[in-house]
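**Student:**
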């Protein structure tokens with residue numbers, strides 16, 4: 013096995029780190045890309061499974077309060093019969109406070125993959141997003157050490173980088 017030189021040039025070390033971190037990021041990006049593709053179809057029933065939910069709420073809630081408590085989309089009361097309020101995919105018993113309804117959601121682990129795109133700083137998975145962002149930023153910066161500054165590839169890389177920045181700014185202005 014070949015021994016590594018402990019003190020290579022900055023360019024050599026940057027290339028080695030870029031290679032190793034790049035392979036690590038390939039794994040992260042594969043998972044993130046697959047979950048992003050699934051997220052495209054979130055408003056369809058693609059790969060969804062139906063789940064029956066029964067939850068105990070306070071008795072005697074109005075339809076408006078019920079909607080706030082259950083946090084369901086498109087939960088409009090359809091009709092009221094005796095002690096029951098019927099809404100799309102479920103019902104609520106005003107005497108007992110029991111709400112029974114059906115939801116469609118992605119099964120495990122697909123639901124966890126999709127949640128990678130909905131992370132905020134209060135969730136333990138925020139470290140995944142932070143690590144992913146830092147690793148990608150490192151790959152961006154270390155790319156400038158891949159070629160000598162005088163080479164055609166370096167100059168072309170600078171132009172492509174500027175093109176990417178300009179394209180992103182234009183796209184954001186059009187949205």
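In this note's numbering, the protein residues as written are 13 to 187. Beta carbons are placed, not taken as given, at the ideal position from N, Cα and C, and that holds for glycine.
When the Cα of residue 108 is compared with those of 118, 116, 30, 97, which residue comes out closest?
**Tutor:** For the purposes of this step, residue 108 is taken as the residue at position 96 of the chain shown. The option with the nearest alpha carbon to residue 108 is 97.
**Student:** Using the Cα positions of residue 95 and residue 89, report the straight-line distance between them to the nearest angstrom.
**Tutor:** Taking the first residue of the chain shown as 1, we reach residue 95 at position 83. Taking the first residue of the chain shown as 1, we reach residue 89 at position 77. So the alpha carbons of these two residues sit roughly 13 Å apart.
**Student:** Residue 158 and residue 150: beta carbons closer than 9 Å?
**Tutor:** Residue numbering aside, residue 158 sits at position 146 when the chain shown is read from its first letter. Residue numbering aside, residue 150 sits at position 138 when the chain shown is read from its first letter. Against a cut-off of 9 Å, the Cβ pair of residue 150 and residue 158 comes out as no contact.
**Student:** Which residues bound the alpha helix (DSSP H) around residue 71?
**Tutor:** The residue given as residue 71 occupies position 59 in the chain shown. No alpha helix (DSSP H) contains residue 71, which DSSP labels as neither H nor E.
**Student:** Roughly how many whole angstroms lie between the Cα atoms of residue 124 and residue 51?
**Tutor:** To locate residue 124, count along the chain shown from 1; it is residue 112. To locate residue 51, count along the chain shown from 1; it is residue 39. One C-alpha to the other measures close to 11 Å.
**Student:** Can you give the Cα-Cα distance for residue 57 and residue 153, rounded to whole angstroms?
**Tutor:** For the purposes of this step, residue 57 is taken as the residue at position 45 of the chain shown. For the purposes of this step, residue 153 is taken as the residue at position 141 of the chain shown. Computed Cα separation, rounded: 41 Å.
**Student:** Is the CB-CB distance between residue 99 and residue 71 below 9 Å?
**Tutor:** Locating residue 99 in the chain shown gives position 87, counting from the first residue. Locating residue 71 in the chain shown gives position 59, counting from the first residue. For residue 99 and residue 71, no; Cβs fall outside 9 Å.
**Student:** Can you grab the Cα-Cα spacing for the pair residue 54 / residue 170, in whole Å?
**Tutor:** One-based indexing of the chain shown puts residue 54 at position 42. One-based indexing of the chain shown puts residue 170 at position 158. Approximately 37 Å, taken between the alpha carbons.
**Student:** Starting from the C-beta of residue 91, find all residues in its chain whose C-beta is less than 7 Å away, skip the five residues before and the five after it, and write them out in chain order.
**Tutor:** In the chain shown, the residue the question calls residue 91 occupies position 79. Closer than 7 Å at Cβ, skipping near neighbours: 98.
**Student:** Specify, as a first and last residue, the run of the beta strand (DSSP E) that residue 112 falls within.
**Tutor:** On the chain shown, position 100 is the one that residue 112 refers to. Its beta strand (DSSP E) spans residues 110-117.
**Student:** Residue 117 to residue 104, Cα distance in whole Å?
**Tutor:** Taking the first residue of the chain shown as position 1, residue 117 is located at position 105. Taking the first residue of the chain shown as position 1, residue 104 is located at position 92. C-alpha separation (whole angstroms): 21 Å.
**Student:** Residue 180 to residue 114, Cα distance in whole Å?
**Tutor:** Walking along the chain shown from the start, residue 180 turns up at place 168. Walking along the chain shown from the start, residue 114 turns up at place 102. Rounded to the nearest angstrom, the two C-alpha atoms are 41 Å apart.
**Student:** If you draw a straight line from the alpha carbon of residue 138 to that of residue 42, how long is it in whole angstroms?
**Tutor:** By one-based count along the chain shown, residue 138 stands at place 126. By one-based count along the chain shown, residue 42 stands at place 30. Between residue 138 and residue 42, the C-alpha separation is close to 18 Å.
**Student:** How would you call residue 21, buried or exposed, if buried means at least 16 neighbouring beta carbons within 10 angstroms?
**Tutor:** Counted from its first residue, the chain shown places residue 21 at position 9. Exposed, by the Cβ-count rule.
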